[in-house]
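Following the numbering used here, the numbering of the sequence shown begins with 23 at its first residue and continues without gaps. Ideal Cβ positions, reconstructed from N, Cα and C, are used throughout, including at glycine. Since the structure is predicted, the reported quantities are computational estimates derived from the model, not experimental observations. Notes for the one structure printed next.
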Amino acid sequence: MDILARFIHLETKEKTIGGKKVNRETMIFPRYHQLDAVRRLEADAKEKGVGHNYLIQHSAGSGKSNSIAWLAHRLSNLYNDRDEKCFDSVIIVTDRRVLDQQLQNTVYQFEHKQGVVEKIEKDSTQLANALGSGVPIIITTLQKFPFVTDKIGDLPKRKYAVVIDEAHSSQSGESAVELKSVLAAA
23 MDILARFIHL
33 ETKEKTIGGK
43 KVNRETMIFP
53 RYHQLDAVRR
63 LEADAKEKGV
73 GHNYLIQHSA
83 GSGKSNSIAW
93 LAHRLSNLYN
103 DRDEKCFDSV
113 IIVTDRRVLD
123 QQLQNTVYQF
133 EHKQGVVEKI
143 EKDSTQLANA
153 LGSGVPIIIT
163 TLQKFPFVTD
173 KIGDLPKRKY
183 AVVIDEAHSS
193 QSGESAVELK
203 SVLAAA
């Protein structure tokens, strides 16, 4: 039932065929490695709470965007055994200056309710507002964090799950340090 209710989704892709835009729908099922990784991370986060690091390796074409989307949605609705919400917001970070459109669309397609997913496409002010208002899932680029500090003011005390796409290239430099300092202060 969990797979039917929380994993399977209808993926919509727009294609141009003969000069006409056509929507193609495909039913997406999780592969075993995706199901296993998401369930293990969710269970560990529920048991241990915030403050832990994990690494998931995906080869090209193995469904990384879907794994990130499933994980983000599950973490945004995760409660511990004391019925307390584990994370106030889940922030998906990519290091590309232009958000990975596939990742963005995949996460957004999983939940159509207004206000659940916010794509930070404009500037750091949009990111500051999303962090301040406690949007459940925020999708942004790493490069926006150095500019968000002066716009944020005082964030309420919050717990964040941070899912980093392509973590190997995102863990160093000024932007990564700024991301950690912004979220650690909250």
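When the options are compared against residue i, the one with the closest alpha-carbon
i	options	result
Ala150	Val138, Pro168, Glu133 and Gln136	Pro168
Val129	Arg61, Val157, Val185 and Ile90	Ile90
Asn88	Ala65, Gln124, Leu97 and Val72	Gln124
Tyr182	Asn127, Lys107, Thr34 and His55	Lys107
Ser220	Arg46, Pro158, Thr162 and Lys70	A query on residue 220 cannot be resolved here, the shown segment of the chain reaching from 23 to 208 and no further.
Val157	Phe132, Asn102, Gly137 and Ser84	Gly137
Val185	Leu63, Lys166 and Thr48	Leu63
Gln56	His80, Leu26 and Asp187	His80
Ala27	Asp105, Phe132, Ser84 and Gly71	Phe132
Thr48	Asn75, Lys70 and Leu32	Leu32
Tyr54	Gly73, Gln126 and Ile25	Ile25
Glu1	Asp66, Tyr76 and Gly40	Here the chain has residues from 23 to 208 only, and residue 1 is not among them.
Asp105	Asn127, Gly71 and Ser155	Gly71
Lys166	Ser155, Ile142 and Lys179	Ile142
Arg180	Gly73, Gln126, Asn127 and Gln148	Gly73
With 16 other Cβ atoms within 10 Å as the buried cut-off, status of residue i
i	result
Lys86	buried
Ile160	buried
Asp110	buried
His95	buried
Glu140	buried
Ser84	exposed
Ala82	exposed
Ser98	buried
Ala152	buried
Asp117	buried
Residue interval of the alpha helix (DSSP H) (run including residue i)
i	result
Ser155	Ser146 to Ser155
Val129	Gln123 to Phe132
Contact check, residue i vs residue j, beta carbons under 8 Å
i	j	result
Phe51	Ile30	yes
Lys42	Glu36	no
Leu100	Val60	no
Leu164	Val112	no
Thr38	Asn45	no
Asn102	Lys144	no
Enclosing beta strand (DSSP E) for residue i [first to last residue]
i	result
Glu140	Val139 to Lys141
Asp187	Tyr182 to Asp187
Contained beta strand (DSSP E) runs [length at least 3] in the segment 29-101, N- to C-terminal order: Secondary structure in the segment 29-101: the beta strand (DSSP E) runs of 3 residues or longer, each lying completely within the stretch, are 31-39 and 42-50 in chain order.
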